[in-house]
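Novice: Quick one: structure below, then a few questions.
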Amino acid sequence: MLRLPPLVAMLVLAVLAASGCGGDGPVEPGPAEPEGTGEPALVAALGDSITAGSPLWDPSAAVRDQLPALDRRSQYEFWAAGALDPGTRFRNCGVFGERTDEIAARLEECAAGADRLVVQGGINDIAQGRAIEQAAADLEEMVASGQELGLDPILVEVLPWNNGYPGAAPLIRRLNGEIAAIGERHDVPVLPFYGALEDPAASGRMRRALTIDGDHPSVAGYRRLGALVADTLDGSG
């Protein structure tokens with residue numbers, strides 16, 4: 032999603048060009064280290080700021096150096112890694128502000144040597160006025176590419192966007208409908224990121240405790256997303 036405090040946003044944007052896929056390498060397992068259950072060794076996590084872990088984390092050291100506060104737990108990969116086999120690692124290929132066409136251009140680099148692929152994106156297409164159909168086509172292309180590479184891709188929903196409500200809400204629902212259809216056509220799992228964070232008392236928005244800024248999840252929100260990813264990777268979801 033798009034918004035950060037103005038000064039932080041300017042600093043982040045100034046260094047985004049230097050931020051590639053996972054500048055500091057794979058995310059190591061988080062707090063839990065259960066016995067080995069045969070999960071994949073390397074998961075490529077491809078997406079925008081939701082994959083990166085904004086606003087308290089970024090896979091690029093150059094971006095992190097410009098952030099006023101850091102918390103490694105502010106990424107779903109941290110929580111998923113902690114819930115899986117200790118040998119499972121995540122390559123965080125999230126880039127703040129990217130549309131799905133920009134994310135798709137990085138798939139080959141992100142997926143090199145990986146065993147699985149998680150595809151996330153779409154909110155920046157909506158924020159930048161790009162057609163839902165174009166975003167959906169890009170997401171489908173990434174899923175198809177992942178399948179061709181033998182990575183058994185996982186697709187995830189677009190999150191509610193508090194700061195974009197109410198205008199963006201119907202567009203997010205439309206894109207999530209397209210994402211569900213992609214999952215059916217390609218027989219790949221679609222993770223319910225939207226429902227995991229939506230406030231049942233405030234449709235179309237994340238719960239207050241699960242968002243830090245109205246654009247991105249809080250650490251608690253990322254923890255929920257990580258649990259969904261882990262459950263799917265270990266076959267229990």
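For the sequence shown, position 130 matches number 161 in our numbering, and the numbering has no gaps at all. Where is the CB? At the ideal position from N, CA and C, for every residue including glycine. Bear in mind that the values here come from a model prediction, so they are computed numbers and not experimental data.
How far does the beta strand (DSSP E) with L182 in it reach, from first residue to last?
Specialist: Unbroken run through L182: none, as it is neither H nor E.
Novice: Leaving aside the five residues before and after A261 along the sequence, list all residues of the same chain whose C-beta is less than 6 Å from its C-beta, in chain order.
Specialist: Once the five neighbours on either side are set aside, the close Cβ partners of A261 are A111, A114 and L115.
Novice: Tell me, to the nearest whole angstrom, how far the beta carbon of L228 is from that of R238; I am working on the premise that it is less than 8 Å.
Specialist: Contact flag correct, Cβ pair sits at about 6 Å.
Novice: Compare the Cα-Cα distances from A72 to each of D169, A167, F121 and I203 and report the closest residue.
Specialist: The residue with the shortest Cα to Cα distance from A72 is F121.
Novice: Whole angstroms is fine: what's the gap from P191's alpha carbon to D265's?
Specialist: If you take the alpha carbons of P191 and D265, they lie about 26 Å apart.
Novice: Taking all protein chains shown into account, decide if G195 is buried (16 or more other Cβ within 10 angstroms of its Cβ) or exposed.
Specialist: G195 comes out buried.
Novice: Rank R254, P220 and G235 by C-alpha distance to the C-alpha of G198 and give the top, closest one.
Specialist: Comparing Cα positions, the closest option is G235.
Novice: Are the CB atoms of L170 and V150 nearer to each other than 8 Å?
Specialist: Going by C-beta atoms, L170 is nearer than 8 Å to V150.
Novice: In angstroms with no decimal places, state the Cα-to-Cα distance between I210 and P99.
Specialist: Spanning the two alpha carbons is a distance of roughly 35 Å.
Novice: Could you tell me which of R254, V187, A158 and A232 sits nearest to I213, measuring between CA atoms?
Specialist: Selected option, being the one with the closest Cα: V187.
Novice: I243 and P86 look like a contact to me (Cβ under 8 Å); what is the Cβ gap, rounded to whole Å?
Specialist: Yes, they are in contact, since the Cβ atoms of I243 and P86 sit about 7 Å apart, within 8 Å.
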